[in-house]
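Written out below as C-alpha cells is the structure these notes cover.
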Amino acid sequence: VIPSSIDASRAVAAEVAALIRQRQHEKRPVVLGLATGSTPVAFYAELVRLHREEHLSFANVVTFNLDEYYPLPPEHPQSYRRFMQVHLFDHVDISPANIHLPSGTVAAAEIDAHCRAYEEAIRAAGGIDFQILGIGRTGHIGFNEPGSSRRSRTRLVTLDPLTRRDASGDFGDEEHTPRYALSMGVATILEARQVVLMAWGQHKAAVVRAAVEGEMTPQVTASFLQEHDHALFVLDQTAAGQLT
Ligand code: F6R
Numbered sequence: 019v020i021p022s023s024i025d026a027s028r029a030v031a032a033e034v035a036a037l038i039r040q041r042q043h044e045k046r047p048v049v050l051g052l053a054t055g056s057t058p059v060a061f062y063a064e065l066v067r068l069h070r071e072e073h074l075s076f077a078n079v080v081t082f083n084l085d086e087y088y089p090l091p092p093e094h095p096q097s098y099r100r101f102m103q104v105h106l107f108d109h110v111d112i113s114p115a116n117i118h119l120p121s122g123t124v125a126a127a128e129i130d131a132h133c134r135a136y137e138e139a140i141r142a143a144g145g146i147d148f149q150i151l152g153i154g155r156t157g158h159i160g161f162n163e164p165g166s167s168r169r170s171r172t173r174l175v176t177l178d179p180l181t182r183r184d185a186s187g188d189f190g191d192e193e194h195t196p197r198y199a200l201s202m203g204v205a206t207i208l209e210a211r212q213v214v215l216m217a218w219g220q221h222k223a224a225v226v227r228a229a230v231e232g233e234m235t236p237q238v239t240a241s242f243l244q245e246h247d248h249a250l251f252v253l254d255q256t257a258a259g260q261l262t
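Quick note on full-length UniProt numbering: the sequence shown kicks off at 19 and runs consecutively.
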C-alpha cells in the first residue's frame with residue numbers, strides 16, 4: 019500500500035525498468051504482459067520518461083496485451099491498440115514486430131484460430147515474464163468476467179453489464195459500448211512468472227477486498243491470484259481502504 023497512486027505507478031515502472039535493463043545486460047529479450055484502462059496511465063508515462071530521460075531502451079522488449087474490444091478497428095479512438103500507441107508505443111524504441119494485441123477485426127469464423135495463435139505466440143516468445151493487471155469492479159482481470167474458469171484461455175468473452183456501464187463514458191453511451199472482447203484467459207494470466215495488479219480509488223476498495231481476502235472463486239477472477247507464487251497487489255490508500 020502506497021499513499022499516492024503516482025508514487026505507486028513510479029515504483030512499478032522502476033521494477034519493470036530494472037528487469038528490462040537486466041535482460042539487456044544478459045542480451046536476452048523480456049516479455050511483458052500489458053493492461054490498458056485508466057489504472058496504468060501514470061505507469062506508462064513513467065516508462066516513457068525513463069526512455070526519454072534515463073536512456074531506457076525497449077529494443078529487447080516483447081509485449082502481449084491482455085485484451086481488445088470486439089468488434090472494434092485498431093484506429094478507433096477507444097481501441098486498446100490505439101491506447102497503447104498513444105500511451106507507450108509511439109514514444110519508445112520498441113520494434114513493431116514485438117507488439118502483440120488480440121485483433122478486434124478478425125472475422126467471426128477466425129476467432130478461435132486467432133485466439134489459439136495468440137496463446138501459441140506467447141508460448142513461442144518463452145512465456146510472459148512480467149504481467150501488469152488492473153481490476154474491474156466485477157473482479158475481472160483481463161476481461162475474465164464472473165463465471166470465467168480457472169482454466170480459461172484466450173477467447174471471445176461477453177462483457178458484464180457493470181463493465182459496459184463503466185466503459186460507457188469512453189464510448190458516449192451504453193448503446194455504443196462494445197458487448198464483446200477478446201481476452202487472455204485466467205490460465206494464460208496465471209502462467210506469467212510475475213504479476214503486479216494495480217488498483218487506485220475508493221470505487222475499487224470492495225472488489226480489492228474480495229480478491230485479496232475473499233474465497234477463491236470464478237465469481238471474482240482476480241481471487242485466483244491468491245494461488246500465484248509471485249503476485250503482488252499495489253494499492254493506493256483508498257483502494258486498500260476495506261482490507262482488514
Ligand atoms: C484492461 C483490462 C481490464 C482493466 C480493468 C480496470 O486491459 O484488462 O481488466 O484493467 O477493467 O480498468 P480501469 O483501470 O480503467 O479501472
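For each residue, glycine too, the CB sits at the ideal point set by N, CA and C. Just so we're clear, the structure is a prediction, and the values are computed from it rather than from any experiment.
| Check | Outcome |
| --- | --- |
| I want to check one thing, is the minimum distance from the CB of residue 94 to the heavy atoms of the ligand F6R below 7 Å? | no |
| Would you mind sorting residue 166 into buried or exposed? The rule is 16 or more other CB atoms within 10 Å of its CB. | buried |
| Can you say whether residue 86 is buried or exposed, counting buried as having 16 or more other CB atoms within 10 angstroms of its CB? | buried |
| Could you give the DSSP three-state label for residue 40: helix, strand or coil? | helix |
| Cβ-heavy atom distance between residue 140 and the ligand F6R below 7 Å? | no |
| Would DSSP call residue 262 helix, strand or coil? | coil |
| Would you mind reading off the limits of the beta strand (DSSP E) that contains residue 51? | 48–52 |
| For residue 98, verify whether its CB is less than 7 Å away from any heavy atom of the ligand F6R. | yes |
| Just to confirm the assignment, what range does the beta strand (DSSP E) spanning residue 251 have? | 249–253 |
| Taking only heavy atoms of the ligand F6R into account, decide whether any of them is closer than 7 Å to the Cβ of residue 105. | no |
| In whole angstroms, what separates the C-alpha of residue 188 from that of residue 100? | 13 Å |
| Going by the beta-carbon positions, is the gap between residue 175 and residue 199 smaller than 8 Å? | yes |
| Within the structure, which residues are defined as neighbours of the ligand F6R by a Cβ-heavy atom distance below 5 Å, reported in chain order? | 53, 54, 55, 56, 57, 84, 85, 152, 154, 160 |
| In angstroms with no decimal places, state the Cα-to-Cα distance between residue 33 and residue 121. | 29 Å |
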